[in-house]
Amino acid sequence: MVDRIAPESEIDTILVKVASRCNINCSYCYVYHMGDDNWSRLSKFMDSDTLGAMCVSLGQIVSQQEKPFSVVLHGGEPFLLGKTRLKELLHALREVLPELYPISIQTNGILISNEILDICSYYRASVAVSIDGPKAIHDRFRVGHSGEGTFEKVVLGIEILRRHVDAAFLNAGLLAVVDPQSDPVDVYTFFKEMGAPSVDFLYKDGNHDRLPLGKKSLFSLEYGDWMVRLLDVYLSDADPLPIRVLDDMLKVMLGGTVSKEGMGLTDFGIIIIDTDGTVMKNDTLKSSFNGADRFDEPINIKDGTLIPFIHSNDFLDYKRMQRPAHLNCRNCENLDLCGGGMILHRWSESNGFDNPSVYCSDQMYLIDAMQERVKKLISQYV
Ligand code: SF4
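Each residue of the sequence shown is one higher than the one before, counting from 9 in our numbering.
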């Protein structure tokens, strides 16, 4: 009899590094510019043997886990695969993943073409594009290998995506990294005018030893202030653009739950499969120290050991890393919303991950403002 995967060990997302290189060179990228150099030892693309072995393991998870999980194709830049390799990859994945298992592709958008989208559409793989805002904001960090801005090429890719005959399915929204020097009203207005179906915002990588770009101190509020101004423009819009991070926080505040990394108290089950088949922890941990995303005992999908690993205590321990250990977090009235933030944001050389988030002050400021606005809104209707 097949062992079922216990609920506490369940997988929410498998993020697959299908390409280890990127066609652009964003200056804040945790893969290439945060001290980890593992990418340089990897082959450029996942090969067929690794893909085959990965699909066997994914098929086993499908049969052993009650809850569907999602697969995210990531890189580097996944569309560097080109049409033939992309088709081979998606075909192999869909052989083991029924359609209710979402497959999405996170791309910088530059290599989007109608032919690529036709393949994605056929295999029901949606496409999310990274763009940080209007040209001046986007081109500050999202640059090519010669330092040139990439804005026009990305916008062109998004336009092709928006006009595709299957855009209603394919267009999975935009992903932006917050630049606290920008004006959130400009950023919001820009994304709305682009007709984005939704936007998600991420804070920049950083930790207690290396403060995120644009953050002056642990107690400064650059990111919190930016998010509150974004919240205000969003709440005052009668037809708002869905903003996932705000929507999720509001949902938790109103008593709901979300299963999302770095939010709330649900342990999020994410594993990374690197281009050579190595099973890794969340790869954003790379920004903490070289090798922070590796398990002590190396596991490779080609050894057929993923399933025993998911059943192991090592995997449970990794999932539990998301629960904040620091006393301030454990006693914090905002813990059920903040969740202690993303693990990478807790790092310091002296305490490891046993710190509140480097964004703690920003999170508290945002949560206070959100609670105040929600109370005010509710009082208008009762
Ligand atoms: S707001 Fe700060 S103390 Fe509270 S849970 Fe988040 S990081 Fe921890």
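Cβ coordinates follow ideal geometry from the N, Cα and C atoms, glycine included. Quick caveat: nothing in here was measured; it's all calculated off a predicted structure.
Should residue i go down as buried or exposed, given a rule of 16 or more other Cβ atoms within 10 Å for buried?
{"i": "N116", "result": "buried"}
{"i": "T21", "result": "buried"}
{"i": "P220", "result": "buried"}
{"i": "T265", "result": "exposed"}
{"i": "S28", "result": "buried"}
{"i": "G232", "result": "buried"}
{"i": "A246", "result": "exposed"}
{"i": "R12", "result": "exposed"}
{"i": "S51", "result": "exposed"}
{"i": "R150", "result": "buried"}
{"i": "G272", "result": "buried"}
{"i": "F227", "result": "exposed"}
{"i": "K212", "result": "buried"}
{"i": "Y196", "result": "buried"}
{"i": "Q330", "result": "buried"}
{"i": "G60", "result": "exposed"}
{"i": "P192", "result": "buried"}
{"i": "E201", "result": "exposed"}
{"i": "V137", "result": "buried"}
{"i": "D282", "result": "buried"}
{"i": "P188", "result": "buried"}
{"i": "A184", "result": "buried"}
{"i": "V162", "result": "buried"}
{"i": "I386", "result": "exposed"}
{"i": "K294", "result": "buried"}
{"i": "D275", "result": "buried"}
Closest to residue i by C-alpha separation, out of the options, would be which residue?
{"i": "V236", "options": "V253, N290, T283 and V80", "result": "V253"}
{"i": "I309", "options": "L119, D275, N339 and L66", "result": "L66"}
{"i": "L164", "options": "P15, D282, H353 and S121", "result": "S121"}
{"i": "L239", "options": "C34, E74, N336 and L374", "result": "L374"}
{"i": "D55", "options": "R93, S78 and L88", "result": "R93"}
{"i": "C34", "options": "V26, R148 and P15", "result": "R148"}
{"i": "S134", "options": "F159, E107 and F177", "result": "F177"}
{"i": "S17", "options": "F77, A246, R171 and S358", "result": "F77"}
{"i": "H353", "options": "N342, C340 and D370", "result": "D370"}
{"i": "L89", "options": "V26, S244, K383 and D57", "result": "V26"}
{"i": "N342", "options": "G299, L210, M257 and R302", "result": "M257"}
{"i": "D208", "options": "N215, F199 and H216", "result": "F199"}
{"i": "N290", "options": "R218, A14 and V24", "result": "V24"}
{"i": "I8", "options": "D217, A144, P188 and D140", "result": "Residue 8 lies beyond the range of the chain shown here (9 to 390); nothing can be said about it."}
{"i": "I278", "options": "F87, D325 and F159", "result": "D325"}
{"i": "M350", "options": "P192, C337 and V162", "result": "C337"}
{"i": "N8", "options": "T283, P332 and K91", "result": "Any property of residue 8 remains undetermined from this structure, which presents the chain solely from 9 to 390."}
{"i": "V79", "options": "I318, L101 and P306", "result": "L101"}
{"i": "E74", "options": "E160, H99, Q189 and L108", "result": "L108"}
{"i": "G263", "options": "Q379, T158 and C37", "result": "Q379"}
{"i": "L314", "options": "S296, L293 and M288", "result": "M288"}
{"i": "G348", "options": "L335, N359 and S365", "result": "S365"}
{"i": "Y36", "options": "E201, C368, T292 and Q114", "result": "T292"}
{"i": "F303", "options": "F297, D322, K384 and N339", "result": "D322"}
{"i": "I69", "options": "K91, W355 and H319", "result": "H319"}
{"i": "L345", "options": "K384, E269 and V390", "result": "E269"}
{"i": "V382", "options": "C368, I307, M261 and F276", "result": "M261"}
{"i": "T58", "options": "N179, R132, D284 and N215", "result": "D284"}
{"i": "V64", "options": "G312, R132, L249 and G84", "result": "G312"}
Who does residue i pair with in a DSSP beta bridge?
{"i": "K268", "result": "M271"}
{"i": "A133", "result": "I111"}
{"i": "A27", "result": "F53"}
{"i": "G90", "result": "According to DSSP, which records beta bridges pairwise, G90 is partnered with nothing at all."}
{"i": "D233", "result": "BP columns for D233 are empty, so no partner."}
{"i": "N179", "result": "V135"}
{"i": "S190", "result": "Beta-bridge pairing links S190 to no other residue."}
{"i": "T324", "result": "Sequence check: residue 324 is Leu here, not Thr. L324 pairs with nothing; no bridge assigned."}
{"i": "G360", "result": "S356"}
{"i": "D208", "result": "L183"}
{"i": "S296", "result": "S296 is not bridged to any residue."}
{"i": "G157", "result": "V151"}
{"i": "S78", "result": "T21"}
{"i": "M288", "result": "I280"}
{"i": "N308", "result": "T286"}
{"i": "I251", "result": "V207"}
Got a sec: is the Cβ-Cβ distance from residue i to anything in chain B below 7 Å?
{"i": "V207", "result": "This model lacks chain B altogether, as it is built from one protein chain only."}
Could you round the C-beta distance between residue i and residue j to whole angstroms and report it? I think they count as a contact, below 8 Å.
{"i": "I280", "j": "D301", "result": "7 Å"}
{"i": "I118", "j": "N31", "result": "6 Å"}
{"i": "L4", "j": "V186", "result": "Because the chain spans 9 through 390 in this model, residue 4 falls outside it and cannot be assessed."}
{"i": "E357", "j": "D217", "result": "5 Å"}
{"i": "I124", "j": "L98", "result": "No, I124 and L98 are not in contact; Cβ-Cβ is about 11 Å, not under 8 Å."}
{"i": "L142", "j": "G181", "result": "Sequence check: residue 142 is Pro here, not Leu. About 18 Å separates the two Cβ atoms, so there is no contact after all."}
{"i": "H153", "j": "Q114", "result": "Not a contact, Cβ separation roughly 20 Å."}
Nearer than 6 Å: is that true of the beta carbon of residue i relative to any heavy atom of ligand 2?
{"i": "P205", "result": "By its list of ligands, the structure shown excludes ligand 2, since it contains just ligand 1."}
Inset, instruction - Output the residues surrounding ligand 1, defined as those with a CB atom closer than 6 Å to any ligand heavy atom, in chain order. - result: That gives P332, N336, C337, C340, N342, L343, C346, G348, G349, P364, S365, C368, Q371 and M372.
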